[in-house]
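Residue numbers (UniProt numbering), protein chains in the order written: chain W, 1 to 151; chain Y, 1 to 151. For every residue, glycine included, the Cβ atom is placed at its ideal position computed from N, Cα and C. None of these values were measured; they are calculated from a predicted model.
2 protein chains.
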Amino acid sequence: MDVGKWQTIFGRYEAASFTVNKRFGSLVKEKLQDVLTIDQQMTLSYIKRFGSCTTTELAEAFCVNKSAITAIVTRLNEKGYIHRDRDEKDRRIVYLRLTEEGEKVFQWADEKVFEVVSPYLKIFSEEEIETFLKLYEKLASVSNEGAGEEK
Amino acid sequence: MDVGKWQTIFGRYEAASFTVNKRFGSLVKEKLQDVLTIDQQMTLSYIKRFGSCTTTELAEAFCVNKSAITAIVTRLNEKGYIHRDRDEKDRRIVYLRLTEEGEKVFQWADEKVFEVVSPYLKIFSEEEIETFLKLYEKLASVSNEGAGEEK
DNA sequence: GTGAACAGTTCAACTCTTGAACTAGTTATT
DNA sequence: AATAACTAGTTCAAGAGTTGAACTGTTCAC
């Protein structure tokens, strides 16, 4: 394939991801009202998935500085959704866990996001969605390689 | 398909888009250095695509309040990348256009974004990328329907 | 035991965002 | 023509997320 063709493909990808991200982002934000921001929801989601995790882990997953995570976690902690537990053996490490309240609000928020997004996924046939996800996951997987170097 | 299956699909979609967006976002940001933020780049890109546009148009496309656009445009204007031209007939309307400098910096930034993203797209076969884009564009298209109501 | 490395936090400065209040211009109504 | 209603855009205060530098504690290696 020549250069021009790749530019066309890039342009199409750019346009599609722009639209999907802005639209979904806006709908999700609206659904979560003043309870959680999108970043707060994603933070709870990540911690929930792994049971507990550290600031450093979150910073790597979110591709941001650790201080950005500290800020988000502090807000979630003030709202009573997250615990900060120091490791007994290595006292530098702080484990982040959901509180009871945090579990509840995460459940609620995840349901809301599902309600917003799933109707749009349901317009696809079972075969289409499988094909799409396989390719999207492939993209996610390669974009994740060589992840150690930056930040 | 039953509910559980849709939840699985939703989870897979959530995970893939999270990874791709965070990774690409981080790489693009790094490439654009202190010249442009991602939102500024997307704003220049949108204006470039349509030749000129208004604050209201941008706000709808980006799914944000008009005042958010005013802020971004003001910064781009201070940097000398954007003109504000009042419509002669309807003097409420302000047309936003790229300056010479704006055209140049957009060209540069678009090239940078292309350099970051295209290597990851190139791992797909021609058939795969076409299938993926068709489905992604379908998702973009349906997510864009019913766009008039909100905000 | 000292110095290097690491985990996490604090801080100032910036960008983006909202929502309310506002200016200025246009359209509709009577 | 005068008033009211609407529209385009801006300003402002407040809040969220981000960076990068400087900092506190803690652990590890020599």
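- Neighbours of Ser67/W in chain Y, taken as residues at a C-beta separation under 9 Å, are lacking, since the least C-beta distance is about 15 Å.
- Within a 10 Å sphere around the beta-carbon of Arg86/W sit fewer than 16 other beta-carbons, which makes this residue exposed.
- Put simply, the CB of Trp6/W is near chain Y, with a gap under 9 Å to one of its CB atoms.
- Between the alpha carbons of Leu76/Y and Glu128/Y lies a distance of about 38 Å.
- Of the candidates His83/W, Phe18/W and Asn144/W, the residue whose Cα lies closest to the Cα of Ala61/Y is Phe18/W.
- The residue among Leu58/W, Val142/W, Tyr136/W and Ser141/W with its C-alpha nearest the C-alpha of Ile9/Y is Tyr136/W.
- Of the other Cβ atoms in all chains shown, 16 or more fall within 10 Å of the Cβ of Thr43/W; this residue is therefore buried.
- Interface annotation for the stretch 103-132 of chain Y against chain W: Val113, Phe114, Val117, Ser118, Tyr120, Leu121, Lys122, Ile123, Phe124, Glu126, Glu128, Ile129, Thr131 and Phe132, criterion Cβ-Cβ distance under 8 Å.
- By the Cβ neighbour-count rule, Phe24/Y is buried, with 16 or more other Cβ atoms within 10 Å of its own.
- A straight-line Cα-Cα distance of about 21 Å links Ala59/W and Asp39/Y.
- Residues of chain Y with a Cβ closer than 9 Å to the Cβ of Thr54/W do not exist; the shortest Cβ-Cβ separation is about 17 Å.
- The bridge partners DSSP lists for Tyr95/W are Asp85/W.
- Pairing Ile72/Y with Lys112/Y, the inter-Cα distance amounts to about 21 Å.
- Leaving aside the five residues that flank Thr70/Y on each side, the residues in its chain whose CB is nearer than 8 Å to its CB run, in chain order, Thr55.
- Excluding five sequence positions before and after Val94/Y, the CB atoms of its chain that fall closer than 8 Å to its own CB belong to Thr54, Thr55, Arg84, Asp85, Arg86 and Asp87, given in chain order.
- The beta carbon of Gly102/Y lies closer than 7 Å to those of Leu44, Tyr81 and Ile82 in the same chain, with the five residues before and after it left out.
- In this structure, Lys79/W is the residue among Leu96/W, Phe132/W and Lys79/W with its C-alpha nearest to the C-alpha of Val35/W.
- Close to chain Y, meaning a Cβ-Cβ distance shorter than 8 Å, are the following residues of the stretch 16-30 of chain W: Ala16, Ser17, Phe18, Thr19, Val20, Asn21, Lys22, Arg23, Phe24, Gly25, Ser26, Leu27 and Glu30.
- Rounded to whole angstroms, the separation of the alpha carbons of Gly11/Y and Val3/Y is 12 Å.
- Between the C-alpha atoms of Ile123/W and Gln107/W there is a straight-line separation of about 25 Å.
- Interface flag for Ala61/W against chain Y is set, since a Cβ pair is found closer than 9 Å.
- Under DSSP, the beta-bridge partners assigned to Cys53/W are Leu96/W.
- If you compare the alpha carbons of Tyr120/W, Leu139/W and Phe132/W with that of Ser118/Y, the shortest gap goes to Leu139/W.
- The DSSP-derived three-state label of Asp90/Y is coil.
- Under the rule that a run must span 4 or more residues, the alpha helix (DSSP H) segments found entirely inside the stretch 11-55 of chain Y read 38-50.
- Distances from the CA of Leu121/Y to each of Gln7/Y, Val20/Y, Glu14/Y and Lys5/Y were compared; the closest alpha carbon is that of Val20/Y.
- In terms of beta-carbon proximity, Glu14/Y lines the interface with chain W, with at least one pair separated by less than 9 Å.
- For Phe132/Y, the enclosing alpha helix (DSSP H) begins and ends at Glu126 to Asn144.
- Rounded to the nearest angstrom, the gap between the Cα atoms of Lys29/W and Arg91/W is 37 Å.
- Contact with chain W is found for Ile9/Y, since one of that chain's Cβ atoms lies less than 9 Å from the residue's Cβ.
- If you look at Asn77/Y, you'll find it in the alpha helix (DSSP H) that goes Lys66 to Glu78.
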